[in-house]
Amino acid sequence: MHDERQQMLANERIGKLLWKLSLPAGIGMFVMALYNVVDTIFIGQVVGPLGIAGLTIVFPIQILVMGIGMMIGIGGASLISRSLGARDFEKAERTLGNAILLAVILGVL
């Protein structure tokens, strides 16, 4: 599996790789946006205007938390990619572990 993935990254066309690797992230962002819309509809129906006002206050905080998570993920992915390119697999594994640990710690807070 590891060699297969390296071959894919080394030999596939960039455009095809970009679509293949970015599609799950795009779908995830779409699902999060859809979740917020549906959540707003349900809160508006059940709680009313005060519930929507509460969502309006909380939504920027949610976006900030998601941004911090993306910052950890994108930064970690960049560092892991550079480590794998340099064939420093130990550093890549250590970086992955640190990124996951940081995400878990910040998720608990």
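Using the numbering used here, you'd call the opening residue of the sequence shown number 13 and step up by one each time.
Glycine is no exception: its CB is placed at the ideal position from the N, C-alpha and C atoms.
Restricting to Cα atoms, I'd like to know which of the options is closest to residue i.
i: Ile75; options: Ser90, Met41, Ala104 and Gln18; result: Met41
i: Val77; options: Leu33, Lys32 and Gly119; result: Gly119
i: Leu121; options: Ile86, Gly81 and Arg99; result: Gly81
Enumerate in chain order the residues of its own chain whose CB-to-CB distance from residue i is below 7 Å, with the five nearest sequence positions on each side excluded.
i: Lys103; result: Ser95
i: Gly79; result: none
i: Thr52; result: Ile64 and Leu67
Going by beta carbon distance, what residues of the same chain come within less than 8 Å of residue i, once the five residues before and after it are set aside?
i: Leu21; result: Leu29
Quick check on residue i: buried or exposed, where buried means 16 or more other Cβ atoms within 10 Å of its Cβ?
i: Gly88; result: buried
i: Thr107; result: buried
My output table needs one value for residue i: the three-state DSSP class, helix, strand or coil.
i: Ala98; result: coil
i: Leu121; result: coil
Following the continuous alpha helix (DSSP H) through residue i, name the residue where it begins and the one where it ends.
i: Gly56; result: Ile26 to Val58
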